[in-house]
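Student: Each residue of the sequence shown is one higher than the last, beginning at 126 in the working numbering. Beta carbons: idealized from backbone N, C-alpha and C, even for Gly.
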Amino acid sequence: MAGKFIRGELSVFAYDMNRITLVLPYQQVLIGTARRSLSDSNGVAFIRCLTDIAGHGGGSLFYISQNPGDNNQEGFMLSSVMPVNSEWSAGSGICLPEVPATFNTTERDNPVGRVNEVQRYTQVQGAKKAIADFNDRNGTFADGSRYIVAYAYNGTTLALPFQPEMIGTNRMNFSDPL
126 MAGKFIRGEL SVFAYDMNRI TLVLPYQQVL IGTARRSLSD SNGVAFIRCL
176 TDIAGHGGGS LFYISQNPGD NNQEGFMLSS VMPVNSEWSA GSGICLPEVP
226 ATFNTTERDN PVGRVNEVQR YTQVQGAKKA IADFNDRNGT FADGSRYIVA
276 YAYNGTTLAL PFQPEMIGTN RMNFSDPL
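(1) Return the residue from the list 224, 188 and 226 that minimises the CA-CA distance to residue 217.
(2) List the whole-angstrom C-beta distance separating residue 272 from residue 286, where the pair is believed to meet the contact cut-off of C-beta under 8 Å.
(3) Can you say whether residue 156 is buried or exposed, counting buried as having 16 or more other CB atoms within 10 angstroms of its CB?
(4) For my contact list, residue 262 and residue 282 are in at a C-beta cut-off of 8 Å; report their separation, rounded to the angstrom.
(5) In three-state terms, what does DSSP make of residue 257?
(6) Just reading off the beta strand (DSSP E) that residue 175 is part of, what are its end residues?
(7) With residue 268 and residue 212 assumed to form a contact (beta carbons below 8 Å), what rounded beta-carbon distance in angstroms separates them?
(8) When DSSP builds the beta bridges, which residues end up paired with residue 139?
(9) Please confirm whether residue 174 and residue 163 have their CB atoms less than 8 Å apart.
(10) Cα separation between residue 149 and residue 177?
(11) What residues in its chain sit with their C-beta under 7 Å from that of residue 293, if we drop five residues either side in the sequence?
(12) Can you list, in chain order, the residues of its chain with a C-beta nearer than 6 Å to that of residue 191? Leave out the 5 residues immediately preceding and following it.
(13) So the beta strand (DSSP E) residue 185 belongs to, where does it begin and stop?
(14) My output table needs one value for residue 230: the three-state DSSP class, helix, strand or coil.
(15) What is the DSSP secondary structure of residue 291, reduced to helix, strand or coil?
(16) Look up residue 236 in the DSSP assignment and say whether it is helix, strand or coil.
(17) Buried or exposed: residue 202, going by 16 or more other Cβ atoms within 10 Å of its Cβ?
(18) Should residue 255 be counted as a contact of the ligand MN given a C-beta to heavy atom distance under 7 Å?
(19) Please determine, among 183, 270, 239 and 247, the residue with the shortest C-alpha to C-alpha distance to residue 208.
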């Protein structure tokens, strides 16, 4: 497939804010269809996530999707999306073949279970105590490479035990080097 906005595996996509497909060069049969409930093999509702990200000004997302450059085999994707206006968004994605496209059940379920544990703990202990405990590097919530990161909805850092200097700072516009 060739076109101004297609370069190998890299192509554009577009969805309206109701998650209706507007542009999808490698799967044109899906144009006009609602993809609200579509999830990848790891349970990531990536169309919902992409439109939500666009609705908040744009950003990036990792997920699993068909790789048109590899006979539509599942691939680990990195996509960036931006709002075009208040009604639709456009993005582009690329497959990262060096990253496995599937995770075993334990790899996928352990973080989910941990987040559920954190939620229950916070509901029982209250936010103030829970946040203090999440920031305790010697506590049960910071065991090696696993620790809790928490932000308020406005972007204020609440828990980041190995970067305590960041507590109280707003990271709403923080982005990684990608």
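Tutor: Working from what's here:
(1) 188
(2) 5 Å
(3) exposed
(4) The Cβ separation is near 15 Å, so there is no contact.
(5) helix
(6) Taken as a continuous stretch (DSSP letters only), residue 175 belongs to no beta strand (DSSP E), being part of the alpha helix (DSSP H) at 171-180.
(7) Not really, about 46 Å apart at Cβ, beyond 8 Å.
(8) 148 and 215
(9) no
(10) 18 Å
(11) 281 and 282
(12) 197
(13) 184-192
(14) helix
(15) helix
(16) helix
(17) buried
(18) Among the ligands in the structure shown, none appear at all, so the ligand MN cannot be discussed.
(19) 183
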